[in-house]
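Asker: First, the structure itself, so that you have it in front of you.
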Amino acid sequence: MRHSFKLPGTVEWKNGELYFLDQTMLPLETVSEKQETAEQVWDSIKRLKVRGAPAIGIAGAYGLVVGMRNKQVLPASLFIEELYKCAEYLNSSRPTAVNLSWALNRMVNKAKVSGLADSAALYDLLVQEAESIHAEDRAICDGIGKYGAELIREGCGVLTHCNAGALATSGIGTATAPLYTAHLQGRRFRVFSDETRPLLQGSRLTSWELQRAGIDVTLICDNMAASIMAKGEIDLVIVGTDRVAANGDVANKIGTLGVAVAAKHFGIPFYVACPSSTVDLDTALGGDIEIEERDAEEVTSFGAKRTAPDGIKVCNPAFDVTPNELVTGIITEKGIIKAPYKEALINMFRK
Ligand code: MRU
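Residue 337 in the numbering used here sits at position 336 of the sequence shown; the count goes up by one each step and never skips.
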């Protein structure tokens with residue numbers, strides 16, 4: 002697809018070197034940071050310099066490449082042993098988005114089943130596989146855009162939460178893919194972007210990238226969403242997801258559940274957009290998904306300013322789970338899935 006705007010370049014692999022756009026600096030600065038070691042990649046994922054489910058899968062895949070670069074001197078059997086260890090280590094950076102373990106497993110399996118007995122050749126294979134994961138993600142976003150754009154009517158209002166945008170992928174995003182595609186098709190519509198406390202991905206990232214692409218976007222605080230819906234401004238909600246359980250329950254950024262409940266109350270369709278790598282048929286129910294708990298400081302401060310009393314008790318889950326009965330449909334690169342989800346997900350994604 003031809004874009005009339007430049008995609009942000011979330012993860013870049015240039016001349017054998019890995020770069021992440023440091024998303025913690027946006028929207029004030031666009032800084033690309035070279036990643037030299039697996040430890041640095043782990044830290045970048047943990048600190049959300051690179052974030053969003055598909056992007057951390059891609060980052061993890063290249064992280065393995067970076068981590069294995071110095072291991073090419075080892076015999077192949079030891080190289081594979083080290084590869085397992087490095088994958089396990091990178092996977093420990095964040096637990097909720099299944100795309101990370103999906104990408105790491107894909108990388109390790111590629112090397113394992115190759116039968117190659119030369120570590121340099123195994124390393125080259127890892128580079129190729131990471132590049133494939135990266136390129137496929139771009140095409141997958143276009144597929145989500147193609148199916149999802151049909152939901153965007155001329156003049157409609159769309160609410161989104163967090164950032165499931167270009168910054169969270171290597172293409173036009175997941176939740177934003179229908180928006181970018183409809184925009185390129187010439188439709189006019191309004192987007193409302195939830196600010197997304199505590200780390201403000203909606204304000205710092207989604208508003209930034211949609212505005213940059215020339216899409217009509219209005220930033221709202223999270224606690225305004227229900228009232229904007231009540232005023233009749235929202236025709237459709239589209240969010241991303243970090244993991245879809247086999248029954249269609251979806252984990253996404255904390256606050257998504259509240260948006261889904263409000264949408265149900267007002268009779269507004271609530272769609273979830275994701276690539277097939279986010280569907281986890283091995284996790285039966287949303288309640289089985291591990292929810293990342295993050296540092297209290299993210300809640301007790303706003304930016305650099307402390308906004309809570311010392312010693313206050315804090316709860317900071319990074320994600321919540323929306324039950325499948327609140328989900329109108331799941332937009333994937335293979336089409337839009339509707340309930341009953343268990344059957345639909347198995348039919349579409351069973352290997
Ligand atoms: O903590 P984050 O910023 O990584 O959370 C991201 C989200 O919740 C996104 O909605 C999700 O990963 C989908 S990204 C296409």
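Built from N, CA and C at the ideal position, the CB exists for glycine as well.
Please read all numbers here as calculations on a predicted model, not as lab measurements.
#1: Quick check on DSSP: helix, strand or coil for residue 335?
#2: Just grab the DSSP bridge partners of residue 182 for me.
#3: Can you say whether residue 86 is buried or exposed, counting buried as having 16 or more other CB atoms within 10 angstroms of its CB?
#4: Pull up the CB-CB distance for residue 241 and residue 175, whole angstroms please, since I reckon it's below 8 Å.
#5: The ligand MRU and residue 200: does the residue's C-beta get closer than 8 Å to at least one heavy atom of that ligand?
#6: Can you tell me the Cα-Cα spacing of residue 291 and residue 220, whole angstroms?
#7: Of the choices 66, 29, 281 and 7, whose alpha-carbon is the least far from that of residue 20?
#8: Could you check where the beta strand (DSSP E) with residue 321 kicks off and where it finishes?
#9: For residue 117, which option in 138, 80 and 106 has the closest C-alpha, if you only look at C-alpha atoms?
#10: Using 8 Å for Cβ pairs, my map puts residue 279 next to residue 99. What's the rounded Cβ distance?
#11: Assess, as a yes-or-no matter, whether the stretch 179 to 188 is touched by the stretch 141 to 160 under the definition of 3 or more beta carbon pairs within less than 8 Å.
#12: Whose C-beta lies closer than 7 Å to the C-beta of residue 48 among residues of the same chain, with five residues either side of it excluded?
#13: Would you report the Cα separation of residue 297 and residue 108, rounded to the nearest angstrom?
#14: Are the stretch 202 to 218 and the stretch 117 to 129 in contact at 8 Å, needing three or more beta carbon pairs?
#15: Sort 55, 197, 267 and 8 by Cα distance to residue 105 and report the nearest one.
#16: Sort 249, 262, 149 and 165 by Cα distance to residue 332 and report the nearest one.
#17: Give me the Cβ distance between residue 247 and residue 343, rounded to the nearest whole Å; I'm assuming they're in contact under 8 Å.
#18: Contact defined as beta carbons within less than 8 Å: I believe residue 92 pairs with residue 101. What is the distance between those atoms, to the nearest angstrom?
#19: Hey, how far is the Cα of residue 134 from the Cα of residue 251?
#20: So, at 6 Å on beta carbons, what are the nonlocal neighbours of residue 281 in its own chain, with the 5 sequence-adjacent residues on each side left out?
#21: With DSSP collapsed to three states, give me the class of residue 16.
Answerer: Short version:
#1: Residue 335 sits in coil when the DSSP states are folded into three classes, being neither helix nor strand.
#2: Answer by DSSP bridge pairing: none, since residue 182 is not bridged.
#3: exposed
#4: Yes, they are in contact, since the Cβ atoms of residue 241 and residue 175 sit about 5 Å apart, within 8 Å.
#5: Yes, the ligand MRU has a heavy atom inside 8 Å of this Cβ.
#6: 30 Å
#7: 66
#8: 320 to 323
#9: 80
#10: Correct: roughly 6 Å between the Cβ atoms.
#11: Touching, per the Cβ criterion.
#12: Non-local C-beta neighbours of residue 48 in its own chain, meaning closer than 7 Å and more than five positions away in sequence, comprise 25, ordered along the chain.
#13: 34 Å
#14: The stretch 202 to 218, when compared against the stretch 117 to 129, does not touch it at the 8 Å Cβ threshold.
#15: 55
#16: 149
#17: 6 Å
#18: 6 Å
#19: Distance between the alpha carbons of residue 134 and residue 251 is about 23 Å.
#20: 99 and 244
#21: Here DSSP, grouped into helix, strand and coil, assigns residue 16 to coil.
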